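Here this note's numbering is used: the first residue of the sequence shown is 495, the next is one more, and so on.
No residue lacks a Cβ here, since even glycine has one placed at the ideal position from N, Cα and C.
Here the structure is a predicted model, which means the values were calculated and not measured.
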Amino acid sequence: MFRFVVGILCLSFLAGCATEDVELYHRINEAYDFEVTHCDSFAMVTGFGRGENALADAKLSAIKQGEELKGTHIVWLQSDLGEPTKVVAVIYKCLM
């Protein structure tokens, strides 16, 4: 019985690893402006995206930039859904 349970768990784990739509954890948190009033804003980032997932790609690009700058929160200011899709955000550092 134990081997059966372990086998099922292993298969479930492998099936979970095989999916392509995995959203990875990010160190930066999306926030609204009223949530970061006690924080320091120190940078603006711009993300661009094209194609089917243009908005998601643009936001991911901006989030990665914010993480590289060691920001803790990102607040979206503008989304331009033209071609290419563009997003603008402010990066904050919150010391809680």
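- Spatial neighbours of A552 in its own chain (CB-CB distance under 7 Å, excluding positions within 5 residues in sequence) are listed in chain order as G541, F542, G543, T579, K580 and V581.
- In the DSSP annotation of this structure, the continuous segment of the alpha helix (DSSP H) that includes D551 starts and ends at A548 to E562.
- Contact annotation: F536 and I585 have beta-carbon atoms nearer than 8 Å.
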